[in-house]
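> Residue numbers (the numbering used here), protein chains in the order written: chain A, 13 to 352; chain B, 13 to 352.
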DNA sequence: TTGAAAGCGTTACCAA
DNA sequence: TTGGTAACGCTTTCAA
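Given below as structure tokens:
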């Protein structure tokens, strides 16, 4: 048929038994050598023979067999929801991942969008991860946590604005973002503050807490806060801008820089002066904001450094059964530019 | 110590033997029932007893044991480089993933940034994936392909602008992006065309091919193309804008919308009129471009629909040893707005 | 210093 | 219709 011969022959996958045969030793010896087992002394010539045999055959150990025998894996599972995310988020994930790799964990992302929460937890559990770090964008109920723990996960950790009962929590408290923006606006003398609420599903997760933080800061400063639902479309922005004067607002916190740009453009097109008539504050402190005119004031966020976090995960894995811990990751401060 | 008792007891993980014991049947029967094995008839009462026992124990099958026994897994490994990517890219990945899930594959992403190419391939091979789909941002050499094939991967597929010898290739031919932009500019009567070359490592992968496509289209239209290295900073953009008049260009293709915005802003700040003095074209057709003034002309890209792609992967897995195939995924056309 | 053998959780073959 | 058993690849204990 289409069984054309290729360079890497369609042969059977080499096992440690093949290596042993070629090196003229037992499988045990192969295991000792390749795992640098110090508890047992192997002669240097033997070591060399084993190594050479392994290389010659292109032997790669079988992770499944290994963890089956060991009774546990070193896989850390990171369910993902594939939301386009910010550079900050990317740096964080990458840092966490390489931190864990340094501790000899295998980090694996498992796309879980559109799965029923229970199915998802079961699917993760089948892989018998030693730890699961679930972002808030992925549904994880106490039910799912129980399944994971029963299947041997030593640590179940959530990552997001909300903790989940029974799991450890790395908290990115988005309320601080909204609060920082509103405090900034209060300092600039604004008291009637709109807060853009993205209608899209992805941002919705963060939008609620940001609004709550904005409300809290506003209450402390005798300011008024008004929710402003907005789709990420020009039409929606234009519609909002058209009724802007009826809202009686002198400032707006626009969820993030992208929504801020969308709204600011619509406001300007509708003849509303920024910042004179209305101050605008975004969030993410992206390059985008610096390129707008007026330059966009924006909430800058910083996440905790990651090596300590990887160490934390490691500690939780080694001491399962500790009370759920909470760790606050997010710091926010507003960078003042021209739009406010 | 810190061994506080928790709700999900620290007990042993339930196995199919436990389910069998509780249901009063053999392990084989459990396997038949839970896998809906049709080759074997099991009485309904037995089925029910087994199912109930499994639920009661919270039994989840052990994927490693299963694939060890089966001699193969259904894992598709997707090495990732964690570049912040476009919504288009996200939609594509998510679609491919759910398409493969529908075909009963387990899709897993493996962050591989900063790994030596050979180490990376070995690490992937340890998981014994049935297929590997490696984006161009992840280094994969013929050496690595051989390791993967030897370890049982039925299909090794690259995804990006360049094919790799020995692997199947899903090609996103970025040359077409540059060519489309330049053809558009030629139609608008421009003949001295700058092409922005991002100095950052991430975009560099796409920048070369886009430039090559631009050159090809320019040659066909007797136009001149000039490379313009640019860092993604305001300073770099300002520096480029400052020497703009000495370049004698009447148009620029700016790699993507973000770089286009950066450059367009710098040009405007330097008093250069867009599009009168210089036409600007971006790429990605993002919301960003529609919000700029003048509105940004941009190359819109479309990727092939994904279910056929998932089917393709499935076919390659079922017919290993077929000649490396190439499939072209990318379509590009330029959307004309005000900046050109 | 090395080897033989058991066992991890599954599934598939063959008997009963 | 159901059960016993062997085997997948690996590590580790015990014996030589």
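Where is the CB? At the ideal position from N, CA and C, for every residue including glycine.
(1) When we look at the beta-carbon of residue 16 of chain A and count the other beta-carbons within 10 Å, is it buried (16 or more) or exposed?
(2) Should residue 338 of chain A be flagged as near chain B, meaning a C-beta pair shorter than 9 Å?
(3) Taking one C-beta from the stretch 124–134 of chain B and one from the stretch 139–151 of chain A each time, how about it: are there three or more such pairs within less than 8 Å?
(4) So what does residue 96 of chain A bridge to, in DSSP terms?
(5) Please state if the CB of residue 32 of chain B and the CB of residue 62 of chain B are separated by a distance shorter than 9 Å.
(6) Do residue 203 of chain B and residue 125 of chain A have their C-beta atoms closer together than 9 Å?
(7) Once the 5 residues before and after residue 109 of chain A are set aside, which same chain residues still bring their CB inside 6 Å of it?
(8) Residues in its own chain within less than 6 Å of residue 221 of chain B by CB, not counting five upstream and five downstream?
(9) So the candidates are A/98, A/114, A/68; which of them puts its Cα closest to the Cα of residue 88 of chain A?
(10) Can you confirm whether residue 121 of chain B, when its beta carbon is compared against all beta carbons of chain A, has any partner nearer than 9 Å?
(11) Let me make sure I understand the geometry here. Which of A/196, A/340, A/351 has the alpha-carbon closest to that of residue 277 of chain A?
(12) With a cut-off of 9 Å, does the C-beta of residue 225 of chain B fall near any C-beta of chain A?
(13) Show which residues of chain B have a CB atom less than 7 Å away from the CB atom of residue 302 of chain A.
(14) Looking at the C-beta of residue 361 of chain A, does it have a partner C-beta in chain B at a distance below 9 Å?
(15) Give the residues of chain A in contact with residue 126 of chain B, contact being defined as C-beta atoms less than 8 Å apart.
(16) For residue 75 of chain B, return the contacting residues in chain A, with the cut-off set at a CB-CB distance below 8 Å.
(17) Report the rounded CA-to-CA distance for residue 29 of chain A versus residue 344 of chain B, giving the unit in angstroms.
(18) Tell me which residues of the stretch 270–290 of chain B have at least one Cβ-Cβ distance to chain A shorter than 8 Å, keeping chain order.
(19) What residue from A/200, A/170, A/224, A/189 has the CA that sits closest to residue 263 of chain A's CA?
(20) Determine, using beta carbons only, whether residue 349 of chain A and residue 306 of chain A come nearer to each other than 9 Å.
(21) Following the continuous alpha helix (DSSP H) through residue 190 of chain B, name the residue where it begins and the one where it ends.
(22) Does residue 248 of chain A come out as helix, strand or coil in the three-state DSSP assignment?
(23) Could you say which of B/196, B/245, B/299 lies nearest to residue 225 of chain B if we only look at CA atoms?
(24) Between which two residues does the beta strand (DSSP E) containing residue 121 of chain B stretch?
(25) Spatial neighbours of residue 337 of chain A within its chain, please: C-beta separation below 6 Å, excluding the five flanking residues on both sides.
(26) Alpha carbon to alpha carbon, how far is residue 86 of chain A from residue 80 of chain A? Give it in angstroms, no decimals.
(27) Residue 285 of chain B: buried (16+ other C-beta within 10 angstroms of its C-beta) or exposed?
(28) Excluding the 5 residues flanking residue 98 of chain B on each side, which residues of the same chain have their C-beta closer than 6 Å to its C-beta?
(29) In chain A, which residues lie less than 7 Å from residue 79 of chain B when you measure between Cβ atoms?
(30) Which residues in the same chain as residue 54 of chain B place their Cβ atom closer than 7 Å to its Cβ, once the five residues preceding and following it in sequence are excluded?
(31) Buried or exposed: residue 161 of chain A, going by 16 or more other Cβ atoms within 10 Å of its Cβ?
(32) Verify the CB distance criterion: does residue 98 of chain A have a CB-CB separation below 9 Å to chain B?
(33) Using only CA atoms, which one of B/342, B/170, B/36 lies nearest to residue 100 of chain B?
(34) Anyone know if the C-beta pair for residue 303 of chain B and residue 292 of chain B falls short of 9 Å?
(35) Can you look up residue 204 of chain A in the DSSP assignment and give me helix, strand or coil?
(36) Between which two residues does the alpha helix (DSSP H) containing residue 219 of chain B stretch?
Concretely, from the data shown:
(1) The predicted position of residue 16 of chain A is uncertain, since its pLDDT is 35 and thus under 50; a value taken from the coordinates is nonetheless stated next. Under this definition residue 16 of chain A is an exposed residue.
(2) Taking Cβ atoms only, chain B never reaches closer than 9 Å to residue 338 of chain A, which makes this a no.
(3) By the C-beta criterion, the stretch 124–134 of chain B is judged not to be in contact with the stretch 139–151 of chain A, since fewer than 3 inter-stretch pairs fall below 8 Å.
(4) Per DSSP, none; premise fails for residue 96 of chain A.
(5) The answer is yes: Cβ separation under 9 Å.
(6) Between residue 203 of chain B and residue 125 of chain A, the C-beta spacing is not below 9 Å.
(7) Closer than 6 Å at the Cβ level, and outside the excluded window around residue 109 of chain A, lie 119.
(8) Short of 6 Å from the beta carbon of residue 221 of chain B, and not among the five residues preceding or following it, lie these beta carbons of its own chain, in chain order: 173, 186, 187.
(9) Check the Cα spacing between residue 88 of chain A and each of A/98, A/114, A/68: the tightest is with A/114.
(10) When Cβ-Cβ separations below 9 Å define contact, residue 121 of chain B makes contact with chain A.
(11) Selected option, being the one with the closest Cα: A/351.
(12) Closer than 9 Å: no.
(13) 246, listed in chain order.
(14) Residue coverage of chain A in this structure runs from 13 to 352, which leaves residue 361 of chain A outside it and unanswerable.
(15) For residue 126 of chain B, the neighbours in chain A by C-beta distance under 8 Å run, in chain order, 110.
(16) Residues of chain A passing the Cβ test: 76, 138, 139, 140.
(17) When the Cα atoms are used, residue 29 of chain A and residue 344 of chain B turn out to be separated by approximately 52 Å.
(18) Close to chain A, meaning a Cβ-Cβ distance shorter than 8 Å, are the following residues of the stretch 270–290 of chain B: 270, 273, 274, 277.
(19) Relative to the Cα of residue 263 of chain A, the nearest Cα in the group A/200, A/170, A/224, A/189 belongs to A/200.
(20) Yes. Within cutoff.
(21) 187–199 is the span of the alpha helix (DSSP H), which, as asked, contains residue 190 of chain B.
(22) In this structure, residue 248 of chain A counts as helix in the three-state DSSP scheme.
(23) Nearest C-alpha to residue 225 of chain B: B/196.
(24) DSSP places residue 121 of chain B inside the beta strand (DSSP E), whose first and last residues are 118–123.
(25) Around residue 337 of chain A: 180.
(26) About 11 Å.
(27) The residue in question, residue 285 of chain B, is exposed, as its Cβ has fewer than 16 Cβ neighbours within 10 Å.
(28) For residue 98 of chain B, where only same-chain residues beyond five positions count, the Cβ hits under 6 Å are 296.
(29) In chain order: 76.
(30) Cβ within range, chain order: 41, 44, 45.
(31) Around the beta carbon of residue 161 of chain A, 16 or more other beta carbons lie within 10 angstroms, which makes this residue buried.
(32) Chain B places a beta carbon closer than 9 Å to that of residue 98 of chain A, counting this residue as a contact.
(33) Nearest option by C-alpha distance: B/342.
(34) It is not a contact, given that the beta carbons lie outside the stated cut-off.
(35) Strand.
(36) 213–232 is the extent of the alpha helix (DSSP H) around residue 219 of chain B.
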